[in-house]
Amino acid sequence: MNQKQTNVNQFTQSSAIDRLMFIKDRLLLAKTAIIAYIIAISIVAICTVVGNILFSVVDQSNLIMLYLLGVVFVATSNNGHQGPAILAALLSTLAFDFFFIPPFLSFNVSDIQYFFTLMVMLVISQTISHLTIRVQRHVEAIRNAKIKAETEQLRNIFLTSISHDMRTPLTIIMGSASTLLQPEKISMDVHKELARNIYEESKRLNNIVVNVLQIIRLESGAIKLSKRLHSIEDILNNVLERLAEELHGHSVKLHIAKYMPLIPLDHILIEQVIINLIENAIKYSKVNTPIEISARTINKNVLIKIADKGKGIEPHDLENIFNKFYRANTKSDTDNEGFGLGLAICKHIVQAHGGKIWAENDRNGGAIFYFTLPLPGEACI
Ligand code: ADP
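The sequence shown begins at 860 in my numbering and counts up by one.
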C-alpha cells in the first residue's frame, strides 16, 4: 500500500471514529433526557398518591402546594433544562383537575371557579420552574466566574514567582559571563569564582524548570504511577548514596524497623519525595547538625520520618508549606532559597499513593516531616 492510500485510510478511519463518538454523545444525551422526563412523571404520580392519602384531611389549596413542591423539585434536579419542569407543571395541573376537582376522575370542570384555580396553578407552576432554572443558571455562572478568577489569580502568582525566581540566577549568570569575557582584567581565582557562580546558578535555574514541569505534569494527571513492591530500606539507602555530597557536614542517623514489609510504590517518585525532604533538612539547618531518618510500620501503613535540628517552622505555617509557591519565613542557612514547590510536589506524590504527609516541630528544636504509605492492600490511616 502506498503512502497516499495509507493517509486516505487513516483519514477515513478517524472520521468514522469521530462520527461514532458523536452518535455515542447523542445517545447519552437522549438517555439523560428520557430519564429526566420519567423522573418528572414519577414525581407528579407520587404527589397524586400523597394527595389522595391527604385529601380527607387537607383542603385543595394545600394539595396545590404539594404539586408546586414537586415542580420545584423537578426544576432543581435537571441542571437548567426546562422541558421536564414544563411537563411536570402541565401534568400536575391535569392530575389535580382529574383527581381533586369535582366531578372527580374526569377532566370536566363543574364550576368556573375551578377553571381559574387550574389556570392560576398552571401559571404559578410554570413561573416557579422558570425562576428556579434561572436561579440555577445564575448560580452556575457565578461558580464559573469564581473558578475563572481563581485560575487567573493562580496564573498571576505563578508568573510573578517564576519570573522573580528566574531573574536572580539569570542576572548572576549574565554578570559573571560578561566579566569572564574580559579575561585580561581578572585573576585566575576570580575567574574560577565566576565560573563556579555560573555553574551554581545554572543548577538553580535547572531546579526551578524541573520543579515547575513536575508540578504541571502532576496536576494535569500526565504522570501515571508505576507501582511495584519495593524495600523501603533499599530506597532510603539509594537516596542517601545520591545525596552523599550534599549531606557532607551532616551526620545522618538512619533507623529502619526490623521485618519491614515490601511496599507497593513508584520508586522514582517516592525517591523524589525523600530527596526533597532531605534537601530541605540540609537547607534549613546548620552544618554539623544531625539529620534523623526512620521508617516503621504503624496502623497498616509505613511511616517515614525525616527530622532536622534547624529552626523549625512557625505553627501557622505548618499547613501552608505544602501549598504551591508558599515559602515560610524560615531562612535557608545554605543561602539556597527555594521556589516553594518542593513540598507541594511531595504532597501530590504521597497522596497519589494513598498516603498522607505532614510536618511538626520537635520540642527540642527542629522540624520533623512525616509521610505514610499504605501497606499492600491497605487504605491510609
Ligand atoms: P522551598 O523550595 O522554598 O524550600 P518547599 O516547598 O520545599 O519550598 O518548602 C516550603 C517552605 O517550607 C520553605 O520555604 C521553608 O520555609 C519551609 N520548610 C521546608 N522544609 C523545612 C525545614 N526542614 N525546616 C524549616 N522550614 C522548612
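Note that the Cβ used here is the ideal one computed from N, Cα and C, for glycine as well.
Those residues which DSSP pairs with residue i across a bridge
i, result
"Ala1154", "Ile1115, Ile1163"
"Ile1031", "Per DSSP, none; premise fails for Ile1031."
"Leu1088", "Pro1123"
Nearest-angstrom Cβ-Cβ length linking residue i and residue j, presumed shorter than 8 Å
i, j, result
"Val1146", "His1109", "7 Å"
"Lys1206", "Phe1181", "5 Å"
"Ala1187", "Gly1225", "That belief does not hold up - the Cβ atoms of Ala1187 and Gly1225 are roughly 14 Å apart, past 8 Å."
"Leu1095", "Val1161", "Wrong, their Cβ atoms sit about 11 Å apart, outside the cutoff."
"Leu1202", "Asn1135", "7 Å"
"Ala947", "Val903", "6 Å"
"Pro1028", "Arg1063", "5 Å"
"Ser951", "Tyr973", "Not a contact, Cβ separation roughly 15 Å."
"Phe955", "Ile923", "7 Å"
"Ile1242", "Glu1219", "Past the boundaries of the shown model lies residue 1242; the chain is included only from 860 to 1240, so the question cannot be answered."
"Leu1121", "Lys1086", "Not really, about 11 Å apart at Cβ, beyond 8 Å."
"Ala1036", "Ile1057", "6 Å"
"Ile1045", "Thr1038", "6 Å"
Three-state class that DSSP yields for residue i in the structure shown
i, result
"Phe1228", "strand"
"Asn1220", "strand"
"His997", "helix"
"Ile1240", "A caution first: Ile1240 carries a pLDDT of 42, below 50, which makes its placement in the model too unreliable to give a value."
"Ile1045", "coil"
"Ala1081", "coil"
"Pro1235", "coil"
"Pro1174", "helix"
"Tyr828", "Not covered by the structure: residue 828. The range shown for the chain is 860 to 1240."
"Gly1201", "helix"
"Phe1017", "helix"
"Thr1148", "coil"
"His1207", "helix"
"Asn1179", "helix"
"Arg1186", "coil"
"Ala1051", "Correcting the residue identity first, residue 1051 is Lys in this sequence and not Ala. In the structure shown, Lys1051 sits in a helix (DSSP, three-state: H, G or I)."
"Lys1168", "coil"
"His1023", "helix"
"Ser1037", "helix"
"Leu1102", "coil"
"Lys1215", "coil"
The ligand ADP heavy atom lying under 7 Å from the CB of residue i
i, result
"Ala1140", "yes"
"Ile1208", "no"
"Ala1226", "yes"
"Asn1223", "no"
"Arg1186", "yes"
"Tyr1229", "no"
"Gly1108", "no"
"Asp1024", "no"
"Asn1203", "One detail in the question is off: residue 1203 reads as Ala in this sequence, not Asn. Because some heavy atom of the ligand ADP lies under 7 Å away, the Cβ of Ala1203 counts as near it: yes."
"Asp1125", "no"
"Leu1177", "no"
"Lys1170", "yes"
"Ile1075", "no"
"Leu927", "no"
"Ile1180", "yes"
"Leu1064", "no"
"Leu1200", "yes"
"Asp1167", "yes"
"Asn1135", "yes"
"Tyr1118", "no"
"Gly1214", "no"
"Tyr1143", "yes"
"Gly942", "no"
"Gly1197", "yes"
Chain D within 8 Å of residue i, Cβ atoms only
i, result
"Ile1075", "Absent here is chain D; the protein component of the structure consists of one chain."
Note to self: Ignoring anything shorter than 4 residues, give me the alpha helix (DSSP H) runs that lie fully in the segment 880-944, in order along the chain.
What the structure shows: Whole alpha helix (DSSP H) segments, 4+ residues: 919-935.
Item checked: Length-filtered (3 minimum) beta strand (DSSP E) runs lying within the segment 951-1001 -> The segment 951-1001 is shown to contain no whole beta strand (DSSP E) run of 3 or more residues.
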